[in-house]
């Protein structure tokens, strides 16, 4: 005997979520079963609504429920500066930081030839098209400093430079609050290389 | 700036699941956002279906999509033997074991006066009603050996005994595969007390 078929089906659906194994999925399914009908309705409806209402902003490719997104349509932000990030979560982290008042471009991934992710799998064409329309003065490359993020930054820089805009890369170095003695050589190398007048 | 409203709403819905904090909920919501529409539809539909199709078996109180449940309507099982468990998951663990061929009764909780869980919050009336209808010869108490499970077993035994049925309690002792030297005193005490002719 297994769980009743509808319970099994829900467990399977939960198992497809990242980081949710069969044991966790079972716990979640039994929680739904034990919870009020209100919660089940709210969960199902919010899953559907997120697919119905949220789509990619045609300008910067971020997830948004407006077109263009709140950032691209904000006249108070400098739309001539475009910060290129790999992921929606990177953009959210930069927004949480607070100080940045320019626009974004979300690539939705990093180049990873070994995993079969090439330029056509990222929103690179969309960035090039946006540059072709003019009005952009600076492109800030804010992909990660891991191998994939670095390669992506280099690749995008190569395509962006011909447009005659300023291309910058965010700094790599010792994180705020960290001690020099605990840093690895690569980080210290970047920090030394990127040193500035004090 | 926060996540778009539909994303925020989905994050909130996921946060209510057990063991899912805000970070995990965000990861799950972005997964749904990035996944195909098929998956979102399947997840939403299985959440709703589980509430629509699954209800408590009127005989044994287990979650089931048939009435009575597959176990209660199985003529190959001994319906005169009823194993009382706290939780649906306990029943599933016993079924996974395989050897048991009797019926069940799910209490949906344990007595926990300090948490305000009294007899009326459990499916105890339903067990008593079932005993009143006759045909039951043995009640096996298979609640846990923690404080709450033990109190629950004692309480249920007190109500069941007047019906003149055999009331048994599953054994407490050293788990299969375990070493005596690592066992706590309470477990060894139970094991000694429950010793049998060999």
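Protein chains in written order, with the numbering used here: chain X, 1 to 198; chain G, 199 to 396. We put the CB at the ideal spot given by N, CA and C, even for glycine.
How long is the line joining the alpha carbons of residue i and residue j, rounded to whole angstroms?
| i | j | result |
| --- | --- | --- |
| residue 159(X) | residue 181(X) | 38 angstroms |
| residue 247(G) | residue 29(X) | 12 angstroms |
| residue 364(G) | residue 211(G) | 47 angstroms |
| residue 315(G) | residue 15(X) | 32 angstroms |
| residue 384(G) | residue 343(G) | 10 angstroms |
| residue 89(X) | residue 161(X) | 26 angstroms |
| residue 147(X) | residue 119(X) | 15 angstroms |
| residue 127(X) | residue 195(X) | 30 angstroms |
| residue 323(G) | residue 2(X) | 27 angstroms |
| residue 133(X) | residue 111(X) | 25 angstroms |
| residue 21(X) | residue 10(X) | 13 angstroms |
| residue 17(X) | residue 205(G) | 16 angstroms |
| residue 217(G) | residue 138(X) | 43 angstroms |
| residue 254(G) | residue 35(X) | 13 angstroms |
| residue 52(X) | residue 222(G) | 22 angstroms |
| residue 98(X) | residue 347(G) | 52 angstroms |
| residue 381(G) | residue 292(G) | 23 angstroms |
| residue 353(G) | residue 339(G) | 11 angstroms |
| residue 267(X) | residue 375(G) | Residue 267(X) lies beyond the residue range present for chain X, which begins at 1 and ends at 198; the question has no answer from this structure. |
| residue 96(X) | residue 168(X) | 21 angstroms |
| residue 114(X) | residue 312(G) | 57 angstroms |
What span of residues does the beta strand (DSSP E) with residue i cover, start to end?
| i | result |
| --- | --- |
| residue 339(G) | 336-339 |
| residue 366(G) | 364-367 |
| residue 80(X) | 78-85 |
Leaving out the 5 sequence neighbours to the left and right, which residues in its chain are closer than 7 angstroms to residue i when beta-carbon positions are compared?
| i | result |
| --- | --- |
| residue 289(G) | 260, 283, 302, 304 |
| residue 307(G) | 284, 315, 319, 320 |
| residue 77(X) | 71, 101, 102, 103 |
| residue 203(G) | none |
| residue 58(X) | 67, 68 |
| residue 129(X) | none |
Between which two residues does the alpha helix (DSSP H) harbouring residue i extend?
| i | result |
| --- | --- |
| residue 350(G) | 345-358 |
| residue 47(X) | 37-53 |
| residue 302(G) | Premise fails: residue 302(G) lies in the beta strand (DSSP E), 300-304, not in any alpha helix (DSSP H). |
| residue 204(G) | 203-213 |
| residue 180(X) | First-last for residue 180(X): undefined, no H or E at that position. |
| residue 222(G) | 220-232 |
| residue 129(X) | 124-132 |
| residue 114(X) | Element bounds for residue 114(X): n/a, residue is neither H nor E. |
| residue 291(G) | 286-295 |
Assuming residue i and residue j are in contact, meaning their beta carbons sit under 8 angstroms apart, how far apart are those beta carbons, in whole angstroms?
| i | j | result |
| --- | --- | --- |
| residue 267(G) | residue 258(G) | 6 angstroms |
| residue 263(G) | residue 252(G) | 5 angstroms |
| residue 351(G) | residue 341(G) | 5 angstroms |
| residue 349(G) | residue 44(X) | Residue 349(G) to residue 44(X), Cβ: 38 angstroms. No contact. |
| residue 80(X) | residue 135(X) | 6 angstroms |
| residue 329(G) | residue 361(G) | 5 angstroms |
Excluding the five sequence neighbours on either side, which residues of its own chain have a C-beta within less than 8 angstroms of the C-beta of residue i, listed in chain order?
| i | result |
| --- | --- |
| residue 32(X) | 10, 39, 40, 43 |
| residue 173(X) | 187, 190, 191, 194 |
| residue 73(X) | 66 |
| residue 368(G) | 338, 339, 340 |
Say the cut is 8 angstroms; is the CB of residue i nearer than that to a heavy atom of the ligand COA?
| i | result |
| --- | --- |
| residue 195(X) | The ligand content of the structure shown is nil, which means the ligand COA is not present either. |
Skipping 5 residues on each side, what residues in its chain have a beta carbon closer than 6 angstroms to that of residue i?
| i | result |
| --- | --- |
| residue 26(X) | 11 |
| residue 396(G) | none |
Item checked: Residues from the stretch 81-98 of chain X in contact with chain G, defined by Cβ distance under 8 angstroms -> Listed in sequence order: 88, 89, 92, 95.
Note to self: Counting only Cβ-Cβ distances shorter than 7 angstroms, please list the residues of the stretch 353-369 of chain G near chain X, keeping chain order.
What the structure shows: Here the close residues number zero.
Next item on the list: Using a Cβ-Cβ cut-off of less than 9 angstroms, give me the residues of the stretch 102-119 of chain X that come near chain G, in sequence order.
Entry: The stretch 102-119 of chain X vs chain G, Cβ under 9 angstroms: 108.
Check: Listed in chain order, which residues of the stretch 18-35 of chain X have Cβ atoms closer than 9 angstroms to some Cβ of chain G?
Finding: Listed by position along the chain: 18, 19, 20, 24, 26, 27, 28, 29, 30, 31, 32, 33, 34, 35.
Next item on the list: Would you list, in chain order, the members of the stretch 203-216 of chain G that have their beta-carbon closer than 7 angstroms to a beta-carbon of chain X?
Entry: From the stretch 203-216 of chain G, only 203, 204, 205, 207, 208, 211, 214, 215, 216 have a Cβ closer than 7 angstroms to chain X.
Check: For the stretch 56-69 of chain X, which residues have a beta carbon sitting closer than 7 angstroms to at least one beta carbon of chain G?
Finding: From the stretch 56-69 of chain X, only 63, 64, 65 have a Cβ closer than 7 angstroms to chain G.
Checklist line | Interfacial residues, the stretch 235-246 of chain G to chain X, with Cβ spacing under 8 angstroms | finding: Answer set for the stretch 235-246 of chain G: 235, 237, 238, 239, 240, 241, 242, 243, 244, 245, 246.
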